[in-house]
Every structure is written in C-alpha cells, then in structure tokens.
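Enquirer:
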Amino acid sequence: MNNAPAYMQAGVLTAPRSIELQQRLIPEPGPGEVRIRMKMVGICGSDVSLFQGHRPDLSFPLITGHEGLGYVDKLGEGVSSHQLGDRVVIEPNYPCGQCDFCWQGRSNICANKRIIGVLETGCFAEYAVVPARFAWPVPDSISDEYAVVIEPTAVALHTLYSSPARPGDTIAIVGLGAIGLLVTHLAQRMGYTVLAYDRVQEKANLAATFGAKPIPAEATTSQIATYWKTANVHTVFECAGAAQAFTLAVEAAPRGAYVVVAGLSDKPSAITEFSITRQGITIITSIIYQHPIDFRRTMSLIESGFLQPGRIISARDQFGNLASALELACQGEHAKIVLLMGLQQD
C-alpha cells in the first residue's frame, strides 16, 4: 500500500509582489469540512492589493485567493449535506455566528470572522478545504463562468442594498472594476438609471453594454458634478478602492445625496467635514455581504436568468500563469481575470 503523501500546486505569496507555485501537501478536511478540487478561480481586487503589499499585517508565506469554483473531493467527519462530485462555489468569509454583530444581522462586520486567502489558507491552489456550509452547491443551470463570479456578485448585491436608493432612482458609480460593473448590471436590471465613470474609458464602455450612461474618462470633478446634478443623482457608489475616488465621490455628489463606500483604499482622502455637512451628504459603508441571505439571493437571481455576471470576465489564463495574471491585474485595465485549473470532473 502506498502511503506516500500527496502534493498539489499552490500559489504562495512569499513577499509583496512575489508569488510562487510551490508543492504543498493536499489538505485533509476536518469535521464539518469538505475538500474541493478547484476548477476555476477568479482574481479579486483584494488579491491584487495583497499582492502589491497594501496590507501590512499579512503573514507570509500565504496561499491567497478566495473566488473559487470546484468539485467536492472529500467529506470531513459528520458532513451529510454534500456528496462527492458536487460542483460548489466558495463563500470565503466565515462569520462566527455568536457575536453581537452576527446576532444583529450584521455578520459582514463580525470581528471574529475567518477570511480565506487573507487570514488563513486560500484557494489559489489545486485543492482547498472549507466548512461545508460555506461550500454552496451550484445548480446545473448556472455555467462555470457565471458560478465563479457568484461571490463578487453577492458583494455587489449587498452594496446596492446598502443604499436608500430604490428602483426608479438615478445612481452614479465611480470605479468600474468587477464590483462597480456588477452593481451597474444589477441596478440596471432592477430599474435604476446608472451613470458610470472610470478613468479607463474601455471600462465605461463595458458598463454601457449593461445599459449605463458612461461619463467621459477625461471629465473633471466639476464636470462630473454637473453631470450628476443634472441627472438628479440620488446615491453615488464608490467602488474604485482609491483615495482619490472617494474624494471625487464626495466632492461631486449633489446636495443631499448619499455616498456608499464599497472601496477599500488604505490611503487618506482629501475631504473636509465642512464640504460634507454643508451639502448634507450622508456617507454609508458597505463591505462583503450578509451570510447566508446575500449568497442565496445572488444564486437565485443568476439561476433565474435575471443576472448574467459572467459578462464581466475580460481575460482567462491557466493557473500556472498566476504570477503574470496578477501582474496584468495590477495594471487596472481588466474587469475580471479568471484562472483555469485544467481539471475536469471525472
């Protein structure tokens, strides 16, 4: 009998801007966990931020990545909710379910939540282990390319729902990466009017294919303010994750507007209390999603055909090219890069 340990390829972040494909032991699922043989993983803006070294408290080395799709390969003790071979998508944030915030229905800001790819091993690897209840079986009617972006779509859904704006209102979106485009798509499908802005004109053009009204990339803050005021913008969504984007969102927001901050910039913004209070601007924050309701809603909207989130995928590459794919993502030209593991269901 061969008892030799089994190894997998994993993308290991060893230092800022340094990620290596290394041989690692294939993990074993513990009680209540499942092991997933990865088929496809998406590169998120937060993966890019970690790669660039913008999170100083990160512990190296670390297997990053959290947007994963694959097949259940092994069941941990006590797992009866899944079967071997189930196609599943990973919900990568695990709230504790016991703290005051979780009890208040605010599990997205649970201080005890586990985050794969950041605080513990992620899914830039051939195999990943996750708690069974955070591995969502994917209906056959949802394609792989739609399934792999379920997680960022849930972020977009929560972001839109964080706003007091309602269908029929006009909203503006600053930053048209994955989240900004998915908020655009969701809002347009629900009956909002969307004005979309990004410094990369091609991204604004992509937003236009979802039905948004693009603002020219070269527009100044005062010109953007005029666009928004004329359109009677109710809420501005900052989805860029850049300090200057937050400054723009606040400075250009019409009097009495709401600004929803979904970006995660680690740099200070140039805004003053006076400019916020005089204009009556209300700032709301939004981060990730509520477990489990936002994931469930997202999957239902995709399964019904209401949403087609795979349309944001702008590049595909093999997992072996992880380092170059991350460098490409750093350039900020792509909405969503997806890596293919080269594994098929047996």
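If you read the sequence shown in my numbering, its first letter stands for residue 5, the second for the next number, and so on. Note that beta-carbon positions come from the ideal geometry of N, C-alpha and C, so glycine has one too.
Would the segment 222-236 and the segment 125-141 be scored as touching if the rule is three or more Cβ pairs under 8 Å?
Expert: With a cut-off of 8 Å, the segment 125-141 and the segment 222-236 do not count as touching, because too few Cβ pairs lie within range.
Enquirer: Does K271 pass the burial test, meaning 16 or more other C-beta atoms within 10 Å, or should it be called exposed?
Expert: Exposed.
Enquirer: Per DSSP, what kind of secondary structure is E24 in: helix, strand or coil?
Expert: Three-state DSSP puts E24 in a strand.
Enquirer: Please classify M303: does DSSP put it in a helix, a strand, or coil?
Expert: M303: helix per DSSP, three-state reduction.
Enquirer: Please report the distance separating the alpha-carbon of I23 from that of V237.
Expert: So the alpha carbons of these two residues sit roughly 42 Å apart.
Enquirer: May I have the straight-line CA-CA distance separating L190 from V122, to the nearest angstrom?
Expert: Cα to Cα, L190 sits roughly 27 Å from V122.
Enquirer: Check this for me: beta carbons of R41 and V133, under 7 Å apart or not?
Expert: For R41 and V133, no; Cβs fall outside 7 Å.
Enquirer: Reducing DSSP to helix, strand and coil, say where K43 ends up.
Expert: Three-state result, K43: strand.
Enquirer: Whole angstroms is fine: what's the gap from S166's alpha carbon to Q108's?
Expert: Answer to the nearest angstrom: the Cα atoms are 15 Å apart.
Enquirer: Run through the DSSP bridge pairs and tell me what T286 is partnered with.
Expert: In the DSSP output, where bridge partners are listed per residue, T286 has Y262.
Enquirer: Which one of D173, F55, I113 has the shortest CA to CA distance from E331?
Expert: Selected option, being the one with the closest Cα: F55.
Enquirer: Between which two residues does the beta strand (DSSP E) harbouring Y196 extend?
Expert: No beta strand (DSSP E) holds Y196; DSSP gives it neither H nor E.
Enquirer: Figure out for me which residue from H58, I175, V263 has the closest Cα to the Cα of T234.
Expert: Closest option to T234, Cα to Cα, is I175.
Enquirer: Would L180 and A211 be called neighbours here (beta carbons separated by less than 7 Å)?
Expert: Contact flag set, yes.
Enquirer: Along the alpha helix (DSSP H) that carries Q365, what are the first and last residues, could you check?
Expert: No answer is possible for residue 365: it lies beyond the span of the chain, which begins at 5 and ends at 350.
Enquirer: Over what stretch of residues does the beta strand (DSSP E) that includes Y131 continue unbroken?
Expert: 131-135 is the span of the beta strand (DSSP E), which, as asked, contains Y131.
Enquirer: Just the Cα atoms here: how many angstroms apart are A129 and P20?
Expert: Roughly 19 Å between the two C-alpha positions.
Enquirer: Note the first and the last residue of the continuous alpha helix (DSSP H) segment covering I154.
Expert: Element bounds for I154: 154-165.
Enquirer: Go ahead and label Y11 buried or exposed: buried means 16 or more other beta carbons lie within 10 angstroms of its beta carbon, across all protein chains shown.
Expert: So Y11 ends up on the exposed side.
Enquirer: Return the first residue and the last residue of the alpha helix (DSSP H) that F250 is part of.
Expert: 247-256 is the extent of the alpha helix (DSSP H) around F250.
Enquirer: Does DSSP classify T234 as helix, strand or coil?
Expert: If DSSP states are grouped into helix, strand and coil, T234 belongs with the helices.
Enquirer: Are the segment 152-160 and the segment 308-322 in contact at 8 Å, needing three or more beta carbon pairs?
Expert: Yes, the segment 152-160 is in contact with the segment 308-322.
Enquirer: Output the boundary residues of the alpha helix (DSSP H) element that contains T68.
Expert: Element bounds for T68: n/a, residue is neither H nor E.
Enquirer: Extract the residue ranges of the alpha helix (DSSP H) inside the segment 97-121, only unbroken runs of 4 or more that lie entirely within it.
Expert: 104-107, all fully within the segment 97-121.
Enquirer: Output the distance between the C-alpha atoms of G324 and A339, rounded to the nearest integer angstrom.
Expert: Cα to Cα, G324 sits roughly 20 Å from A339.
Enquirer: Taking only the alpha-carbon atoms, compute the straight-line gap between Q348 and Y75 and give it to the nearest angstrom.
Expert: Legend: pLDDT at Q348 = 44, less than 50; position of this residue unreliable, no value from coordinates given.
Enquirer: Since I30 and Y131 should fall inside the 8 Å C-beta cutoff, what is the C-beta to C-beta distance between them, to a whole number of angstroms?
Expert: The pair is a contact, with the Cβ atoms about 5 Å apart (cut-off 8 Å).
Enquirer: How is the beta strand (DSSP E) around E124 delimited, first residue to last?
Expert: Here E124 belongs to no beta strand (DSSP E), and DSSP marks it neither H nor E.
Enquirer: With a Cβ-Cβ cutoff of 7 Å, do P220 and A200 count as a contact?
Expert: No, the Cβ-Cβ distance between P220 and A200 is not below 7 Å.
Enquirer: Quick one: what does DSSP say Q348 is sitting in, helix, strand or coil?
Expert: Caution applies to Q348, whose pLDDT of 44 falls short of 50 and renders its modelled position unreliable; the model cannot decide the point.
Enquirer: Buried or exposed: N116, going by 16 or more other Cβ atoms within 10 Å of its Cβ?
Expert: Its Cβ having fewer than 16 others within 10 Å, N116 is exposed.
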